[in-house]
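A quick write-up on the structure given underneath.
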Amino acid sequence: MNAFHLLSELTVFVLAVFVGLEVISKVPATLHTPLMSATNAIHGIVLVGALLVAVVATPALGPVLSILVVFLASLNVFGGYVVTGRMLSMFKPRQTAPPAATDGSKK
Amino acid sequence: MPAGAAESTTQLGIDFAYLVTGVCFIMGLRYMNTPKTARLGNTISILGMAIALAATGIVLDWPAAWWILSIGVGAGAAVGIYAARAVKMTAMPQMVAIFNGCGGGAAAMVASAELLKLHPGTAAIPADLAITSVLTAIIGSISFTGSIIAFLKLQEVMTGRPITYPGQQVVNGLLALIAIGGLVMVTLNIDTLPAFFAALAASLVLGVLFVLPIGGADMPVVISLLNSFTGLAAALTGFALGNNVLIISGALVGASGTLLTLMMGKAMNRSVANVLFGAFGAVKKVEGGPVGSSGSGVVRESSVDDVATMLAYARQVIIVPGYGMAVAQAQHSVRELADQLEKKGVEVKYAIHPVAGRMPGHMNVLLAEANVPYPALFDMDDINPEFPRTDVALVIGANDVTNPDARSSPASPIYGMPILDVDKATQVVVLKRSMKPGFAGIDNPLYELPNTSMLFGDAKSSIDKLVSAVKSL
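Heads up: the protein sequence lines correspond to chains H and Z, in order. Each number in our numbering corresponds to the 1-based position in the first sequence with 36 added. Each number in our numbering corresponds to the 1-based position in the second sequence with 48 added.
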């Protein structure tokens with residue numbers, strides 16, 4: 037049973053790797069930093085794992101470490117998405133917003 | 049899996065939600081194929097994350113442990129959001145590094161918890177759980193401490209130069225052996241706890257030691273690699289917990305990190321192994337003085353006014369930014385200069401080397417922050433044919449990626465690295481702090497070419513002076 041279970045998980049993993057390679061190879065170099073940041077936020081999904089092991093009646097890690105693991109994973113998720121959003125909001129095509137009042141007024 | 053019918057229905061629903069999350073993440077990454085749709089992609093990704101977290105919330109033991117969740121998530125969200133908002137764009141590489149480390153650390157801890165949960169029982173730990181959880185702990189720990197060292201280097205708390213000592217590889221090899229030995233022992237159920245903690249400790253130290261000898265200019269490779277490590281750790285956590293959404297997400301991140309790592313290695317014409325173990329740019333190794341400098345040895349210094357005139361009367365100017373632009377925070381001044389030049393009818397383009405800066409795409413983000421439209425940014429392959437038709441190539445804080453020795457001098461340590469052909473432009477202007485060699489400690493014969501002139505000083509103040517000089521022309 038164990039071996040079958042492991043194999044089906046491995047199948048999911050391998051297929052996901054191929055999907056990942058396919059999708060990522062289409063991302064232009066201009067967006068590589070936001071891409072890293074976005075995938076960074078995605079691995080924040082360990083928060084799901086963190087909640088599953090920490091938010092139980094008797095967490096195996098004890099209360100302090102349980103809070104720490106949830107803290108680290110949350111930092112990863114929230115920080116990752118906010119920073120990605122901030123970066124992406126800066127990418128503008130030509131002539132959308134000729135930034136007002138930067139011409140001579142900037143010191 | 050829980051036995052009761054009601055519970056298994058719940059579990060079915062949760063697993064379905066996780067599937068939706070996986071799809072959201074894939075779509076989110078897919079939409080990053082153009083800058084136009086990338087924000088939508090991020091939103092879809094956030095939606096996916098929210099769905100997974102909400103679904104997980106159903107099975108949590110709220111009455112017993114709500115406070116763990118509130119404190120952990122509350123503090124994590126507060127710190128994360130604050131840091132993400134406050135950080136300067138120039139500090140983005142270290143921010144990404146530290147978030148990455150948090151993920152790796154969390155993955156290692158989750159796996160440890162899963163293993164420790166079983167330990168008090170006398171029953172043997174199943175082999176698959178032992179392997180996946182110990183492996184997660186190893187990789188997650190390396191990613192955790194490795195990212196912290198990368199952060200410290202990028203933040204310049206510690207030197208960006210490689211830190212080397214004799215026997216470095218041997219020590220690292222031994223640590224890796226201890227980690228693998230621990231993995232084997234836990235799997236065979238021999239002295240499980242001590243073996244596990246030995247593996248954990250060895251991995252934490254290994255993370256530190258493996259990033260120490262890697263120099264600042266090689267950071268794009270390291271950051272990508274650490275990113276893929278954390279992805280792998282997250283996927284392995286999924287194996288340990290039997291949770292598909294972790295497996296899928298981790299696999300996506302692992303694939304992305306690996307691909308970027310290979311791309312960066314290729315852009316430097318060096319194998320990833322050479323980057324990791326070569327301690328490139330260590331001060332001690334400059335083989336026999338100046339390598340292959342064919343130039344006259346005479347460097348021509350120019351003045352702000354000369355350069356301003358040269359730029360203003362050019363037809364096409366290509367700006368070549370490097371890490372020096374980031375350090376001087378000169379991106380806004382650069383854009384202003386480009387605006388002034390465009391007003392005078394000069395065509396301005398930007399040439400971005402794949403490994404310019406400290407992470408993949410670093411320059412693009414900085415210039416985007418300064419409102420440079422992304423169609424003006426060109427990759428190496430697209431811009432190189434343009435240099436011969438260009439009047440002025442303006443090199444701002446970039447060095448090794450413009451070194452013609454990489455093309456022509458087989459003796460040069462960077463021989464074979466694809467470079468930007470700035471020397472083929474009619475005139476080259478190099479903005480540089482001083483004549484100190486670049487990161488790799490290699491002389492750059494570009495500076496001695498007859499068509500090159502140097503403008504010494506802080507990049508930002510030099511460019512600000514150029515802006516006013518161009519304006520007054």
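We treat Cβ as the ideally placed atom computed from N, Cα and C, and that holds for glycine.
Open item on the list: Restricting to Cα atoms, I'd like to know which of Z/D491, Z/L241, Z/A441 is closest to Z/A473.
Closed with: Of Z/D491, Z/L241, Z/A441, the smallest CA-CA separation from Z/A473 is found for Z/A441.
Task: Nearest-angstrom Cα separation, counted from Z/S118 out to H/F87 - done: Note that residue 87 of chain H is Leu in the sequence shown, not Phe. About 11 Å.
Open item on the list: By the three-class DSSP mapping on this structure, what secondary structure does Z/Q475 have?
Closed with: strand
Task: Neighbourhood of Z/N432 by C-beta distance below 6 Å, restricted to the same chain and skipping five residues each side - done: D469
TODO: Report the rounded CA-to-CA distance for Z/L359 versus Z/I462, giving the unit in angstroms.
DONE: 30 Å
Open item on the list: What does the alpha-carbon distance come out to for the pair Z/T357 and Z/I444?
Closed with: Our two residues, Z/T357 and Z/I444, have alpha carbons roughly 18 Å apart in a direct line.
- [ ] Identify, in the order they occur along the chain, each residue of the same chain with its Cβ nearer than 7 Å to the Cβ of Z/T184, setting aside the five sequence neighbours on each side.
- [x] A155, A156, A159, A281, L284, T285, A288
TODO: Compare the Cα-Cα distances from H/P70 to each of Z/P408, Z/N148, Z/S457 and report the closest residue.
DONE: Z/P408
Open item on the list: Helix, strand or coil, according to DSSP, for Z/V440 in the structure here?
Closed with: strand
- [ ] Please compile the residues from chain H whose C-beta is within a distance smaller than 8 Å of the C-beta of Z/K165.
- [x] V89, A96
TODO: Between the Cα of Z/G279 and those of Z/A517, Z/I296, Z/M267, Z/Q142, spot the shortest distance and give me the residue it belongs to.
DONE: Z/I296
Open item on the list: What does the Cβ neighbour count give for Z/V368, buried or exposed, with the cut at 16 atoms within 10 Å?
Closed with: buried
- [ ] Tell me where the beta strand (DSSP E) around Z/M502 begins and ends.
- [x] 500–504
TODO: Give me the Cα-Cα distance between Z/Y213 and Z/A321, rounded to the nearest whole angstrom.
DONE: One C-alpha to the other measures close to 18 Å.
Open item on the list: Using only the alpha-carbon positions, how far apart do Z/L414 and H/G121 sit?
Closed with: Those two C-alpha atoms are separated by around 15 Å.
Task: Other residues of its chain near Z/V71: CB distance less than 8 Å, five sequence neighbours each side excluded - done: G96
Open item on the list: At the level of alpha carbons, what is the spacing between Z/G343 and Z/N492?
Closed with: Caution applies to Z/G343, whose pLDDT of 46 falls short of 50 and renders its modelled position unreliable; the value that the coordinates give is listed next. Z/G343 and Z/N492: Cα-Cα distance of roughly 9 Å.
TODO: Please confirm if H/L83 has its CB atom under 8 Å from at least one CB of chain Z.
DONE: Yes, H/L83 counts as interfacial toward chain Z.
TODO: State the start and end residues of the unbroken beta strand (DSSP E) segment that holds Z/D427.
DONE: 425–427
TODO: Check Z/K519 in the structure and name its three-state DSSP category.
DONE: Shown here, Z/K519 sits in a helix according to DSSP, grouped into three states.
Task: Buried or exposed by the 16-neighbour rule on C-beta atoms within 10 Å, applied to H/F54 - done: exposed
Open item on the list: Does the contact criterion of 3 or more C-beta pairs under 8 Å hold for the stretch 173–184 of chain Z versus the stretch 306–319 of chain Z?
Closed with: no
Open item on the list: What does DSSP give as the partner residue(s) for Z/Y398 in the beta ladder?
Closed with: Its beta-bridge partners are Z/I367, Z/L425.
Open item on the list: Using the Cβ count rule (16 or more neighbours within 10 Å means buried), how would you classify Z/N292?
Closed with: Buried.
Task: Cβ of Z/I119 within 8 Å of any chain H Cβ - done: yes
Open item on the list: For H/F40, would you say it is in contact with chain Z, using Cβ-to-Cβ distances shorter than 8 Å as the test?
Closed with: No, because no Cβ of chain Z sits closer than 8 Å to the Cβ of H/F40.
Open item on the list: Here's the rule: buried if 16 or more other CB atoms are within 10 angstroms of the residue's CB, otherwise exposed. What is Z/A103?
Closed with: A residue is called buried once 16 or more other Cβ atoms fall within 10 Å of its Cβ, and Z/A103 is buried on that count.
Task: Z/P338 burial status per 10 Å Cβ neighbour count (16 or more: buried) - done: Only weak support exists for where Z/P338 lies, its pLDDT of 42 falling under 50; the coordinates are left without a value.
TODO: Within 10 angstroms of the Cβ of H/T47, are there 16 or more other Cβ atoms? Answer buried if so, exposed if not.
DONE: The residue in question, H/T47, is exposed, as its Cβ has fewer than 16 Cβ neighbours within 10 Å.
Open item on the list: DSSP has Z/A480 in a bridge; who is on the other side?
Closed with: Looking at the sequence provided, one finds Lys at residue 480 of chain Z rather than Ala. In the DSSP output, where bridge partners are listed per residue, Z/K480 has Z/F504.
- [ ] Measure from the C-beta of Z/N412 to each C-beta in chain H and report whether the shortest distance is under 8 Å.
- [x] yes
- [ ] Please report how far the alpha carbon of Z/V127 lies from the alpha carbon of Z/G302, in whole angstroms.
- [x] 26 Å
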